[in-house]
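Data first, discussion second: the structure below is written as structure tokens.
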Amino acid sequence: MEEEEEDGGGGGGGGGGEAGSEAAAGGGGRPGGPAGMWDRLRGSRAAGGGRSAAAMAQRGEKGPAAAAGEGEPRAGAGAERGPSGAAAPFQPPEGGFGWVVVFAAAWCNGSIFGIHNSFGILYMMLQSDLGEGKKDPALEFKTAWVGSLAMGMIFFCSPIVSIFTDRIGCRTTAASGAAIAFIGLLSSSFTKSLEVRYFTYGILFGCGSSFAFQPSLVILGHYFKRRLGLANGIVAGGSCLISVPLPFFLKMVGKAIGLAHTFQVLSALMLIQVFLSLTYRPILPPSCDSQHDGQDKLGSRSMRQQCWAQTRKYFNLRVFRRKTYRIWAFGIATAVLGYLVPYMNLVKYVEKRFQETKKDWILLVCLGAMSGLGRLVSGRIGDCIPGLKKIYLQVASFMLLGILCMMIPQCRGFEGVIVICLFLGLCDGFFTTIMAPIAFELVGPMQASQAIGYLMGLMAVPMTAGTPIAGYLNDYFGNYDAAFYFAGVPPIIGGLVLSVVPLVHQRMLKKQRLDSGKDKMLVSEAVVNGELLPGSPASEAHM
């Protein structure tokens, strides 16, 4: 397991450990797994000579002469061949049609999280709609579950979304998710039952949002590498063109047309996303040699073994073998326990504390606007910070976010809450944008989809539980002060945990370099003594 961790951690900056192993497989080395002493020796000799004739005959490949006569690469190979016959590393176009994908992903982020982050307005409308003619002391607690379920399902479904993304692609997954979210919002307009809306808004809209949102993170890695942070920043910042004015829009439109028609208007955003998702055209090439190896192995297995192999392939837990990923995922899951508390409770808080009912929507606009600015700025800054040092941006944002949440009860006026919301939005933007680039650094592009999916799955439980816990504290103490103090503790703890990741990564790299130096010394001694293994390229050449 330690070798897996060091291999994965060291390959983050250069495209990921698995991507590197696939490139090695294309050049004639052993695909997968860390090479031993004799594998390193064979690889250095085999780089110019290719694989043995017996190995190529067993796998049904053509010899060097036949391959030289073909001239053109096989269709669908997806990777250009270098002068030595090795597969050249995939280079994203860094633009072109990728900017169309950026626009589609920006609409996806803006419409989905604009609706979710504006639930404070819908929360008030739901209470008004349900509280007519009856008084339920637990109405606030019950209503809070509608929005918490929807946001929690985004993250809870993420591991499943990763499997679908790897299996059927980003385009189909995202379009299907947007369609499900559209159905969920539209069906929410035809009922007044809170229990039914748990399903239509909480489950359907939440699950659909997850299937539509996550591919928008993964597809950017197909078109950008050097500018990936900038692309993520543009997506996150451009989404604010929708999410910033949405609270004001909901406040005005909700009074004019009512809650039911408001749900129908919001469903139109998801309908547009169905068509924009069709632009998610994947261009990251698969590894030809790994496909051949997989087909050869599956062909010699029974049906039960093939089913188990496919299950392990798509429920791949390999990312958890990397110590840095485990620490990072645990830190973020801890930090988001109180993440939704300001979004859900600020509007209700200022209404009770300052009797402010006309300008309460300004708080959500400030959160959205500064979040967009933070995402644009952090994307550009993230591109300038090498490797896993990007995590320090998340550390700073989480620490500051926790402190700001604890400062909300100390505000003596509505204007003070506005100032805090500005900085809360900035922290939110830094945390959100840098998440995908860090995942690519930790596990590489080939496993980034599942790494993001498992991370969001781990975030589901604390993020869903945070708002109901805040509601319970409000019912118990009679105010929201304890809820905001509670919301500030987990981000500070999570930030401290995240600060350890770069240190662990550097220690693993140092140990890997020491082990590599020892292997080279052993190989050089073996060459001097002439103790080559039988069947090595040198032995075959003499024979």
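Counting from 17, one number per residue, gives the positions in the sequence shown under this note's numbering. Ideal Cβ positions, reconstructed from N, Cα and C, are used throughout, including at glycine. Values in this document were obtained by computation on a predicted structure and should not be read as measured data.
query	result
Please list, in chain order, all residues of the same chain as PHE157 whose beta carbon is under 6 Å from its beta carbon, the five residues on each side excluded.	GLY487
For the putative contact between GLY390 and GLY504, defined by C-beta atoms under 8 Å, what is the C-beta separation to the nearest angstrom?	Not a contact, Cβ separation roughly 19 Å.
Which one of VAL335, VAL516, HIS132 and VAL357 has the shortest CA to CA distance from LEU471?	VAL335
For ILE348, report the span of its alpha helix (DSSP H) as first-last.	339-351
Could you spell out where the alpha helix (DSSP H) holding VAL117 opens and where it closes?	114-133
Does the Cβ of SER60 have 16 or more other Cβ atoms within 10 Å, making it buried, or fewer, making it exposed?	Caution is warranted here: a pLDDT of 40 is assigned to SER60, below 50, making its placement in the model unreliable, and the coordinate value is therefore given only provisionally. Under this definition SER60 is an exposed residue.
Between the beta-carbon of LEU201 and the beta-carbon of SER283, is there less than 7 Å?	yes
Please tell me whether SER394 and ILE450 are closer than 7 Å, where the distance is taken between their beta carbons.	yes
Quick check: the Cα distance between LYS368 and TYR214, rounded to an integer number of angstroms?	26 Å
Going by C-alpha to C-alpha distance, which of ALA455, LEU383, GLY163 and PHE264 sits closest to LYS375?	PHE264
State the CB to CB distance for the pair PHE370 and PHE430, rounded to an integer number of angstroms; the pair is presumed to be in contact (CB under 8 Å).	5 Å
With respect to the alpha helix (DSSP H) encompassing ASN361, which residues constitute its N-terminal and C-terminal limits?	357-370
With DSSP collapsed to three states, give me the class of PRO453.	helix
Check whether the stretch 244-261 and the stretch 348-363 touch, using three or more Cβ-Cβ pairs below 8 Å as the test.	no
Leaving out five residues before and five after SER259 in sequence, what residues of the same chain have Cβ atoms less than 7 Å from its Cβ?	GLY126, PHE129, GLY130, ASN133 and GLY384
Is it the case that the Cβ atoms of CYS15 and ILE137 are separated by a distance below 7 Å?	In the structure as shown, the chain begins at 17 and stops at 559. Residue 15 is therefore absent and cannot be evaluated.
Judging by CA-CA distance, which residue of PRO298, TRP161 and GLN522 is the nearest neighbour of PRO484?	TRP161
If you compare alpha carbons, which of GLY168, LEU257 and CYS256 is closest to GLU217?	First, the residue type needs correcting, since residue 217 is Tyr and not Glu in the sequence shown. The candidate whose alpha carbon is nearest that of TYR217 is GLY168.
For ASP399, which option in VAL459, ILE250 and VAL269 has the closest C-alpha, if you only look at C-alpha atoms?	ILE250
Could you pull the start and end residues of the alpha helix (DSSP H) that PRO175 belongs to?	174-184
Could you check what DSSP says for ASP145 in three-state terms: helix, strand or coil?	helix
Which of helix, strand or coil does DSSP assign to ARG334?	helix
May I ask you to report which of helix, strand or coil DSSP gives THR189?	helix
Look at the alpha carbon of ILE343 and the alpha carbon of VAL520, and state the distance between them as a whole number of angstroms.	9 Å
Alpha carbon to alpha carbon, what distance is there between SER387 and PHE446?	8 Å
Identify whether ALA498 lies in helix, strand or coil by the three-state DSSP scheme.	helix
Are VAL290 and ALA412 touching if we call contact CB-CB under 7 Å?	no
By how many angstroms is the C-alpha of THR159 removed from the C-alpha of PRO109?	47 Å
By alpha-carbon positions, which one of PRO261, LYS208 and ILE348 ends up nearest to GLY274?	LYS208
From SER293 to ALA190, what does the alpha carbon distance come to, in whole angstroms?	6 Å
By how many angstroms is the C-alpha of ASN490 removed from the C-alpha of GLN426?	16 Å
Can you say whether ALA81 is buried or exposed, counting buried as having 16 or more other CB atoms within 10 angstroms of its CB?	Because ALA81 carries a pLDDT of 37, less than 50, the predicted location of this residue cannot be relied on, and no value is offered for it.
Tell me the rounded alpha-carbon separation between SER164 and LEU530.	49 Å
Taking the continuous alpha helix (DSSP H) assigned at ILE485, which residues delimit it?	464-493
So, for ALA121: in the same chain, excluding its five sequence neighbours on each side, which residues have a beta-carbon less than 6 Å away from its beta-carbon?	SER232 and VAL251
How far does the alpha helix (DSSP H) with ASP399 in it extend, from its first residue to its last?	377-400
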